[in-house]
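Take a look at the structure below.
Number of protein chains: 2
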Amino acid sequence: MEHIDTIRALRARLAPLRAGGARVALVPTMGALHAGHLSLVKEARQRAEAVVVSIFVNPTQFDDPSDLAKYPRTLDADLAACRDAGVDFVFCPTAQEMYPDGADTSVTVGALAEPLCGATRPGHFRGVATVVAKLLGAVAPQVAVFGEKDFQQLAVIRRMARDLLLDVEIVGAPTVREPDGLALSSRNARLDPEARGQALALVRALDAAEARVAAGERDATALLGEVRAELSRAPRAVVDYAELRDPDTLEPAPARLEAPTLLALAVFLRPAAGGPDPGVRLIDNRVLPLQTQTRGDES
Amino acid sequence: MEHIDTIRALRARLAPLRAGGARVALVPTMGALHAGHLSLVKEARQRAEAVVVSIFVNPTQFDDPSDLAKYPRTLDADLAACRDAGVDFVFCPTAQEMYPDGADTSVTVGALAEPLCGATRPGHFRGVATVVAKLLGAVAPQVAVFGEKDFQQLAVIRRMARDLLLDVEIVGAPTVREPDGLALSSRNARLDPEARGQALALVRALDAAEARVAAGERDATALLGEVRAELSRAPRAVVDYAELRDPDTLEPAPARLEAPTLLALAVFLRPAAGGPDPGVRLIDNRVLPLQTQTRGDES
Chain P
1 MEHIDTIRAL RARLAPLRAG GARVALVPTM GALHAGHLSL VKEARQRAEA
51 VVVSIFVNPT QFDDPSDLAK YPRTLDADLA ACRDAGVDFV FCPTAQEMYP
101 DGADTSVTVG ALAEPLCGAT RPGHFRGVAT VVAKLLGAVA PQVAVFGEKD
151 FQQLAVIRRM ARDLLLDVEI VGAPTVREPD GLALSSRNAR LDPEARGQAL
201 ALVRALDAAE ARVAAGERDA TALLGEVRAE LSRAPRAVVD YAELRDPDTL
251 EPAPARLEAP TLLALAVFLR PAAGGPDPGV RLIDNRVLPL QTQTRGDES
Chain X
1001 MEHIDTIRAL RARLAPLRAG GARVALVPTM GALHAGHLSL VKEARQRAEA
1051 VVVSIFVNPT QFDDPSDLAK YPRTLDADLA ACRDAGVDFV FCPTAQEMYP
1101 DGADTSVTVG ALAEPLCGAT RPGHFRGVAT VVAKLLGAVA PQVAVFGEKD
1151 FQQLAVIRRM ARDLLLDVEI VGAPTVREPD GLALSSRNAR LDPEARGQAL
1201 ALVRALDAAE ARVAAGERDA TALLGEVRAE LSRAPRAVVD YAELRDPDTL
1251 EPAPARLEAP TLLALAVFLR PAAGGPDPGV RLIDNRVLPL QTQTRGDES
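If you read the protein sequences in the order shown, they are chains P and X.
Under my numbering, the very last position in the first sequence is 299; numbers go up by exactly one each time.
Under my numbering, the very last position in the second sequence is 1299; numbers go up by exactly one each time.
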């Protein structure tokens, strides 16, 4: 495995591999790697001869400077994990490399980026779309792999790559969870033990909604009531949003659900001591498996 | 020469050439090709084994719908000119191909896109940066060639490609002129004979400014006065802008010029009959060759 800091050096290493017919897969990360990231590497490994993991904590996607400052940074462990996972190249650019002097170009994805995290984190998806466009420009992979835990991010990136006519396959990989169901996230490292326990409210709320749907519930308001009730059982959890949306367009779901529907959650786990710190923001989601009703079903 | 309509077909034709080591050059155009475009093809031809000319009248860069409607379209002549110029592939995508259903992503270049044409044509450079990013995505050339007549456009595209870390060389080619000095433009075809005569005011204004600078004038206000006096001798010319700017940053030039300075002009040639039609908008520019004063000069 090689640890590379500059775009020039990475291109120089990839060029002969490409010339020999190798496909290149990119797994963009912000480091603090966990088993979720490694599942993305596994997806990449199956689809390409050369696997690049980028590690770059992108400042432009943080709306909250303290969230950026507190984002975990564990480079040595990340490099060891990449080596163990069979990564070929770990690309760790500096901010100067990604945002050269005077960099002033941004990529904006329209309506898909507006609700959910786009509404509560102003500028977040502009930062994400811009840095991913840059990484795709720098690495020019045939495949790029992202986690489905960040459902809206994946949708925004798919749309961006499609709209900019990039010759890259965007692959989504399933969320990896702790044995008790908590979705893996680099931010989990910032949870104290009590908050870690209460963070299970997210997956319990998803489970509760899925169970209600399986039992025949189709009323959106009733489902969201159930979800909020489940979240409210965690006293340190403050709901950022809990919404039902179309999984493709991210438009609001109808009052009566009729097709597979995204349940998307974002919650702050507040500090035990209270105070102005908003705490640790966690997200999770599930596409609730409703049968799409077709005319044939009624005959 | 091949005439190709879809990105998929173009990629399929370019892939084996690339695999054989061929470099690909792209010359993006909106058609209505003239000798200026063909000079871009010549530049491309010298730098790559495969030359692609794209012809796409991009709706998103027209702030004025009537300007879009009146933009000349001469496909048969364009194809013949490309064949004669040794172009390998003419890529003529549909709007649907360039802006697939639901396309909602835009590329914005910051401060460089704000003055001059950016100020008087709202949204123009967002449209340009977005469509050029798409063409670079679709064709993935090693080289792309643009004319220096569109000075600010070239600056915006250079910045966009650099900021998005694209592995492409952006080449600027000198403005080609009629024997009497008028810069070639597809819009010249829309000038009636009187307006064609008065359009020479642009190059006369550039010449006058260059002569004054050669004679020692350094005062920006005096130079712009000379430029406006020259333009005012064409009664059907209405100045959109006439500005002195830093050629690299496009920031306003100082009151007393001290280094090479861009003189950028945009003029409407009004219809003979008057009326609400703004007429034909022409641009031209010159970097006035002032010596940069160094400390050594003073010793």
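The C-beta atom is built at its ideal place from N, Cα and C for all residues, glycine as well.
Assigned secondary structure, residue i (DSSP; H/G/I helix, E/B strand, else coil)
i	result
N285/P	strand
A1264/X	strand
G225/P	helix
E243/P	strand
L1269/X	strand
F146/P	strand
E1178/X	coil
A1173/X	strand
E43/P	helix
D1297/X	Low confidence applies to D1297/X: its pLDDT is 46, below 50, so where it sits in the model is not reliable, and the reading given next is rough at best. Three-state result, D1297/X: helix.
F89/P	strand
V962/X	This structure cannot speak to residue 962/X, because chain X is shown only from 1001 to 1299.
R256/P	strand
A199/P	coil
V1128/X	helix
A237/P	strand
D1219/X	strand
P1115/X	coil
L1079/X	helix
G1137/X	helix
P122/P	coil
T1249/X	coil
For residue j and residue i, the rounded distance between their alpha carbons
i	j	result
F62/P	L263/P	24 angstroms
D1248/X	V1287/X	11 angstroms
K1149/X	A1173/X	9 angstroms
D78/P	Q198/P	27 angstroms
L1282/X	N1188/X	8 angstroms
K271/P	D64/P	The residue you asked about is not Lys; residue 271/P is Pro in the sequence shown. One C-alpha to the other measures close to 16 angstroms.
T1006/X	L166/P	14 angstroms
M1098/X	Y1241/X	32 angstroms
A1183/X	D1284/X	7 angstroms
G1275/X	R1126/X	30 angstroms
V87/P	P141/P	14 angstroms
L290/P	V213/P	7 angstroms
E1251/X	A1201/X	25 angstroms
R1190/X	H1034/X	14 angstroms
M160/P	D1101/X	13 angstroms
V1267/X	L112/P	40 angstroms
R11/P	G1123/X	34 angstroms
L1231/X	L1075/X	34 angstroms
K42/P	A22/P	17 angstroms
A1025/X	V1132/X	14 angstroms
L1014/X	A1138/X	11 angstroms
V107/P	E114/P	14 angstroms
T120/P	V239/P	11 angstroms
P72/P	S185/P	11 angstroms
Rounded Cβ spacing between residue i and residue j (contact assumed at less than 8 angstroms)
i	j	result
A1237/X	L1206/X	Not confirmed; about 14 angstroms, so no contact.
F1146/X	Q1153/X	7 angstroms
F1091/X	I1004/X	5 angstroms
A81/P	L38/P	6 angstroms
V1109/X	V1156/X	5 angstroms
M30/P	V57/P	5 angstroms
A1220/X	A1255/X	5 angstroms
A1103/X	D163/P	5 angstroms
Endpoints, beta strand (DSSP E) assigned at residue i
i	result
L26/P	24–29
T1108/X	1105–1109
S54/P	50–55
H1300/X	Because chain X is modelled from 1001 through 1299, residue 1300/X falls outside the range shown and cannot be assessed.
E1002/X	1002–1004
Chain C contact residues for residue i, given Cβ-Cβ distances below 8 angstroms
i	result
A140/P	Going by chain labels, chain C is absent from the structure shown, which instead holds the protein chains P and X.
Alpha helix (DSSP H) segment containing residue i, residue limits
i	result
S1186/X	Here S1186/X belongs to no alpha helix (DSSP H), and DSSP marks it neither H nor E.
Q152/P	151–163
E1097/X	1095–1098
P72/P	Segment: none, P72/P is in no alpha helix (DSSP H) and carries neither H nor E.
L166/P	Here L166/P belongs to no alpha helix (DSSP H), and DSSP marks it neither H nor E.
R1018/X	1007–1019
- Task: Would you list, in chain order, the members of the region 1110–1122 of chain X that have their beta-carbon closer than 8 angstroms to a beta-carbon of chain P?
- Result: G1110, A1111, L1112
- Query: Looking at chain X, which residues of the region 91–111 of chain P have a Cβ within less than 7 angstroms of any of its Cβ atoms?
  - Reply: P100, A103, D104, T105, S106, V107, T108, V109, G110, A111
- Query: Between the region 144–177 of chain P and chain X, which residues of the former have a C-beta closer than 8 angstroms to a C-beta of the latter?
  - Reply: R159, M160, R162, D163, L164, L165, L166, D167
- Using a Cβ-Cβ cut-off of less than 7 angstroms, list which residues of the region 1021–1054 of chain X approach chain P; keep chain order. none
- Residues from the region 1001–1015 of chain X in contact with chain P, defined by Cβ distance under 8 angstroms: I1007, R1011
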